[in-house]
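Structure first, then comments.
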Amino acid sequence: MVMKKILYVLALAWLVCGVASCEKEVKDYDGREGVYFYVQYGPEWGDTTIWASQSFTPVEFVKSTGDYHDVKLRVMTTGRIKGYDRTFRVVVDKDSTTAVEGVNYDPFDEFQVVKAGSHYADLVIRLKRDESIQTEERVLTLKLEPTEDFGIGINWWGEVPGLWSSTGGNDFDASMHKITMNDFLVRPARWIPAIDYEPGQTEGGLWGAFTRKKYDLICEKFNLTYDDFASEVTMPNAKRTMIKNYFVNYLQELYDKGTPVLEEDGRAMWFMGVSWKSIVGQPWIPAE
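Structure follows, in structure tokens:
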């Protein structure tokens, strides 16, 4: 009886060690080989080997440059490693997806391959920046489907000793993974003045009213991202003044030619130092 208890404790200890291993083959397995999503992320200062397996991946285009964002999703296998390629299938779950193929993401091959000698594959989904996600968050939900090579390895996740807790909770379906995407933009911390202008108000301060068009133009000309506007470290006063001086010259030259850069409401884009006054909601009228 004592020997049985010892063997049980040793077996339990072995299982816990296996759970915390680098490859994180996390669940006890019994049956046909299967696949499940195992997508890890966490804070940069954390130990990447114990990052949680997450049920969703959030993508904020405002924090990146370019018109595309590639999301890498790891798919793990259960059971023995094989010496030949094996195929698994991933499809879009129509019932929980609001993203539009070709608009918010590129088409992808439903049938993916776990290479010979491997116990995982990385699925890459390319998301697309589009005006539709400037005002509405869209969702792309992916779902694993059985094939001749694989069933569903883990239907339901849970709390796993040795791993951090998942952002959205530990209880979720590991055969599915959700990608959320948006391009929401709010006035960043280092934008001066820190004022939300109303129609009829005259622009002032260093950079004037915050608009998406002005923000995008600054990012384009100076190769900046949203994070560059977050603190005095990344956006010191000297840099703000340099940006202001550049745009005064740039905008003034176009204005003098009769081709000013116009905001969405039709007014001429404004920075402190240009020769014109700018009133929110009042369109620029060309001189006759």
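Numbering (mature numbering (1 follows the signal peptide of the UniProt record, and there is no 0)) for the sequence shown: -22 to -1, 1 to 266.
Idealized CB from N, CA, C, for every residue including glycine.
Please read all numbers here as calculations on a predicted model, not as lab measurements.
- Closest in C-alpha terms to E242, from the list S209, K222, M154, R190, comes R190.
- Taking the C-beta atoms as reference points, Y16 is found no nearer than 8 Å to S33.
- Within the same chain, L184, W185, G186, K222, F225, V226, L229 come within 8 Å of F249 by CB-CB distance, once the 5 residues on both sides are set aside.
- When the Cα atoms are used, M159 and S74 turn out to be separated by approximately 14 Å.
- In chain order, Q18, Y19, G20, L141, W142 place their CB closer than 8 Å to the CB of W29, counting only its own chain and leaving out the 5 sequence neighbours on each side.
- According to the DSSP assignment, A99 belongs to the beta strand (DSSP E) that extends over 98 to 106.
- Between the C-alpha atoms of G147 and K156 there is a straight-line separation of about 14 Å.
- Around the CB of G131, 16 or more other CB atoms lie within 10 Å, so the residue is classed as buried.
- Looking from the CA of L51, the closest CA among P177, I103, K192, Q90 belongs to I103.
- At a Cβ-Cβ threshold of 8 Å, L101 and Y14 do not count as neighbours.
- CA-to-CA, the gap between G251 and E210 works out to about 23 Å.
- Counting C-beta pairs closer than 8 Å gives fewer than three between the stretch 162 to 170 and the stretch 88 to 99, which falls short of the contact rule.
- P264 places its beta carbon 8 Å or farther from that of R245.
- Sequence-distant Cβ neighbours of G129 in its own chain, meaning closer than 6 Å and more than five residues away, are R10, G12.
- Judged by DSSP in its simplified three-state form, E231 adopts helix.
- Taking the C-beta atoms as reference points, V70 is found nearer than 8 Å to L118.
- Around the beta carbon of R58, fewer than 16 other beta carbons lie within 10 angstroms, which makes this residue exposed.
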